[in-house]
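Only one structure is covered here, and it is reproduced in the block below.
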Ligand code: ACM
Ligand code: ZN
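In our numbering, the protein residues as written are -12 to 504.
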């Protein structure tokens, strides 16, 4: 706060200087203090430049760790922080950027871009900056509502501006499989398509609906081809965003079971389970490994998200294949079957140079040795995982679930209320985490589940401006967080985003266009 205060004083001095230089139009003026996420250190220096002029200034970039370290004297940064750190200066004649890595230089350019777009004039300034957390993420559920490539590009563009660096692509789930897998064509020729558009019409009474063949008139759905994924990955990489694909197991597999019924548990009445993959059958592992091989080939990220959440385990107690597996493995609880599956898949991932992330249910029955836990049912799972020496990404529903409504009047998204200020108030470095364990907190993520999303505009309305808060919680040092300042900056950035064609929630934007049921 002291630093910010110093800079407000500096801003005042700058204004006085600008006026004495005879500049008529010094306001509105962008300063680094307008940035989201707020930077570590900033100084406003004399002078200003028009945003248009700034766009055509020469940019002098130096990528050199040694050069950057001169600005970082006295600071303790980890290797990954140094990669993202930058120093920059805007003068009336040029923009100077010093970074240890192209990623840091990219973030510097994003800061310049944000300042140039929120006002017509930009204050001359210096900024020294680096992120607080390594994982600053956003998750998009493509299964319940299929958004498609253009939508993904648009959100990646905003993520880049916000210095978010992990896009968690929730590609498969009960109401639709959205990724081309050559070995299992029915996943996309059949279970990527359903006869009705809206999830709630499809999942009548939460029983799950039908799928139809690709090409059926009126079918709703779609999927990403391998070419689409390659294009998305290239687009994301240019913006220093990593893409983490999620392949759910053993729960959330209604669609897989619809395409390949032989992967489900057998029930006493002769039928098969509708929701889970059978963890007892060897064929399930053959399927998962074949799918993962194609996913590993496609996505260069060292992490793969394997889901693990909300598996119904009741049928495992009666399924002969599950029972046989429990007997041979000496298991006494069905939870051990889930843990068996996750551990086995983790070994397979390791054989291929990959590490797994799973929702916090993967703690049940024993955590796989090297798994990262995504803590969503509050923060307890994350805390337990840290106590066991594991890395954690926090995404607790109470702070990070963008399907929750933003005001009380909003139509039915999951009934809970999650206003911007509550997202902003989240502190991932929770009380009780020791200094030695702090490195296990990789960061946080905002999640958009799309059960209630009807159209793309509606998805954006759920995302923004709450993603701005995830950005600042993930990047900005705790002592520089300040709600009144953020609220002002978020309002300015919301207007800019609207001008760019994003739908950003504001009070009153609720039952828009009568689309909402
Ligand atoms: C989840 O929300 N089921 C991870
Ligand atoms: Zn089974």
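Where is the CB? At the ideal position from N, CA and C, for every residue including glycine.
Distances between the C-beta of residue 363 and the heavy atoms of ligand 1 include at least one below 7 angstroms.
A direct Cα-Cα distance of roughly 10 angstroms separates residue 55 from residue 91. Rounded to the nearest whole angstrom, the CA to CA distance from residue 272 to residue 251 is 12 angstroms. The beta carbon of residue 294 lies closer than 8 angstroms to those of 233, 234, 235, 236, 238, 239, 345 and 346 in the same chain, with the five residues before and after it left out. By the neighbour-count criterion, in which 16 or more other beta carbons inside 10 Å mark a residue as buried, residue 212 falls on the exposed side.
Sixteen is the threshold: when 16 or more other Cβ atoms of the shown chains lie within 10 Å of the Cβ of residue 313, as they do, the residue is buried.
For residue 445, the enclosing alpha helix (DSSP H) covers residues 443 to 450. Those residues that bring their Cβ nearer than 5 angstroms to a heavy atom of ligand 2 are 252, 265, 267, 306, 308 and 309.
Using a C-beta cut-off of 8 angstroms, the segment 73 to 93 makes contact with the segment 44 to 61, since at least three inter-stretch Cβ pairs fall below that distance. The segment 208 to 226 makes contact with the segment 157 to 175, as at least three CB pairs between them are under 8 angstroms.
If you draw a straight line from the Cα of residue 367 to the Cα of residue 152, it comes to about 25 angstroms.
Membership of residue 307 in any beta strand (DSSP E) is not indicated; the residue belongs instead to the alpha helix (DSSP H) covering 307 to 316.
Remark: three or more beta-carbon pairs, one from each stretch, lie closer than 8 angstroms, so the segment 104 to 121 and the segment 29 to 38 are flagged as touching.
Under the 10 Å beta carbon count, residue 208 is surrounded by 16 or more other beta carbons and is classified as buried. Between residue 359 and residue 380, the C-beta spacing is below 8 angstroms.
Taken through DSSP and simplified to helix, strand or coil, residue 110 comes out as strand.
Taking a 10 Å sphere around the C-beta of residue 304, we find fewer than 16 other C-beta atoms and assign the residue as exposed. Three or more Cβ pairs closer than 8 angstroms define a contact, and the segment 383 to 390 meets that threshold against the segment 421 to 439. The beta-carbon distance between residue 291 and residue 343, rounded to whole angstroms, is 6 angstroms. This is short enough to meet the 8 angstroms contact definition.
Remark: the C-beta of residue 242 is outside contact range of ligand 1, defined as less than 7 angstroms to any heavy atom. The closest heavy atom of ligand 1 lies less than 7 angstroms from the beta carbon of residue 296. Counting along the chain, residue 277 sits inside the alpha helix (DSSP H) bounded by residues 269 to 285. DSSP links residue 321 through a beta bridge to no other residue. Distance between residue 496 and residue 390, taken at the CA atoms: about 15 angstroms. Taking the CA atoms as reference points, residue 395 sits about 7 angstroms from residue 404. Counting the other CB atoms within 10 Å of its CB gives residue 463 a total of 16 or more, which places it among the buried residues.
In the structure shown, residue 167 adopts coil according to DSSP, grouped into three states. Within the model, the alpha-carbon separation for residue 477 versus residue 266 is close to 46 angstroms.
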